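*Asks:* The UniProt record's numbering puts the sequence shown at residues 1 to 284.
All residues carry an ideal CB built from backbone N, CA and C; glycine is no exception.
Owing to the predicted nature of the structure, the values given are computational and were not obtained by experimental measurement.
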Amino acid sequence: MRDALATVVEHSDDGNEPLQWNDVSESLSSEEWGRLVREEVLVSDGTGFTLANPERVREALQPDEPLDTTTDTDGIEAESWAWYDKTAGLAALSLFAGYWSTGIRNTIASYDDLLLAPITDALPFFAVIILLALVTGLYSTVLQSRLRDTETIQAYQEWMNELKERKEAAKERGDDEALEELQEEQLEAAGDQLGMFKLQFRPMVWIMLLTIPVFLWLRWKVRGGHLSGTEAGLIVPLAGAVGWQEPLFGPMKTWIVWYFLCSMVSRQLIQKTLDIRPSASPSD
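(1) Verify whether the separation of the beta carbon atoms of I207 and Q144 is less than 8 angstroms.
(2) Tell me which same chain residues have a C-beta within less than 7 angstroms of the C-beta of D262, skipping the five on either side of it?
(3) To which residues of the same chain is Q20 closer than 6 angstroms at the C-beta, ignoring the five residues directly before and after it?
(4) Pull up the distance between the alpha-carbon of D121 and that of V222, whole angstroms please.
(5) Which residue's Cα is closest to the Cα of Q200: I108, A88, L147 and F96?
(6) Helix, strand or coil for G243, going by three-state DSSP, please let me know.
(7) Taking only three categories from DSSP, how would you classify G250?
(8) Out of curiosity, what's the CA-to-CA distance linking G250 and G243?
(9) Could you pull the DSSP bridge partners for T102 from this structure?
(10) So what's G233 in DSSP terms, helix, strand or just coil?
(11) Measuring CB to CB, does L116 end up less than 8 angstroms from I108?
(12) Taking I270 and G137 to be in contact with their CB atoms under 8 angstroms, please state how far apart those CB atoms are, rounded to whole angstroms.
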């Protein structure tokens, strides 16, 4: 590969000009070109391919200097869940059962009510929902920012984008051999998607440990007839006075719409206050 690199440096004006396959096809084989692209010695800049690190290549071409074309994107691996993450996952799954099981829901809600009863006695129900939305919003935002491995997810995104660009470049120059190699690399990358999914889902597991009991308590409070007569509903612009169990937005009940609206607003305020920016997912 030293001769191949020397050819690339020579034809690219010492690594300063972009190249196309046609520029070096007489001196390089398609396998050599494909390897340089695959190992990201050459990277696409939109108009052609340039050396990712010209200085490193020039140093490698010096006599008796070892040549290393390995990439920093190889071997992206998500951190495995610890035992406490797995325990939290099992606990979250158990809490999910409360959505279908009345017994489990009533048990969880009754314990929640022991903690929330002083608040419900002091505040109107719509204000209790606002307070719960603020607490869960703060808890969710902080946990997501601390537990989300943004660097690994971004590295995975960059890796997949590079694969896509290299595949498009190989199609443009008609390099079937490079296309086959890239397809194999994409299959290997597909196996890492499960790890990325686990990495993204880890904060959600811890978030659900608080949000699910809160939601179950609200459902128990409204649908179980545990509200006082003065807490029958909410006055909504355009809709007027609506009961907590009446549909407000399509089939969604008023209490659900109010809770989710308060949650969305509180999360936005908390993110701006704490200067926390939501991260993009690998699928973005």
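*Replies:* In terms of the structure at hand:
(1) Start at 1 with the first residue of the sequence shown, and residue 207 comes out as number 207. Start at 1 with the first residue of the sequence shown, and residue 144 comes out as number 144. Between I207 and Q144, the C-beta spacing is below 8 angstroms.
(2) As a working note, residue 262 is residue 262 in the sequence shown. Asp is not the amino acid found at residue 262; the sequence shown has Cys there. If we look at C262 and ignore the five residues flanking it on each side, its Cβ neighbours are I129, I130 and A133.
(3) Within the sequence shown, numbered from 1, the residue matching residue 20 stands at position 20. The residues are G48.
(4) Here residue 121 refers to the residue found at position 121 when the sequence shown is read from its first residue. Here residue 222 refers to the residue found at position 222 when the sequence shown is read from its first residue. D121 and V222: Cα-Cα distance of roughly 15 angstroms.
(5) Residue numbering aside, residue 200 sits at position 200 when the sequence shown is read from its first letter. Of the listed residues, the one whose Cα sits closest to Q200 is L147.
(6) The sequence position of residue 243 within the sequence shown is 243, counting from 1. Here G243 sits in strand by DSSP.
(7) Here residue 250 is taken as the residue at index 250 of the sequence shown, counted from 1. Three-state result, G250: coil.
(8) Residue numbering aside, residue 250 sits at position 250 when the sequence shown is read from its first letter. Residue numbering aside, residue 243 sits at position 243 when the sequence shown is read from its first letter. One C-alpha to the other measures close to 15 angstroms.
(9) Taking the first residue of the sequence shown as position 1, residue 102 is located at position 102. Its beta-bridge partners do not exist; DSSP assigns none.
(10) Numbered from its first residue, the sequence shown carries residue 233 at position 233. Strand at G233.
(11) Position 116 of the sequence shown, counted from the first residue, corresponds to residue 116. Position 108 of the sequence shown, counted from the first residue, corresponds to residue 108. Their beta carbons are not under 8 angstroms apart, which means L116 does not touch I108 by this criterion.
(12) Taking the first residue of the sequence shown as position 1, residue 270 is located at position 270. Taking the first residue of the sequence shown as position 1, residue 137 is located at position 137. About 5 angstroms; that satisfies the 8 angstroms criterion.
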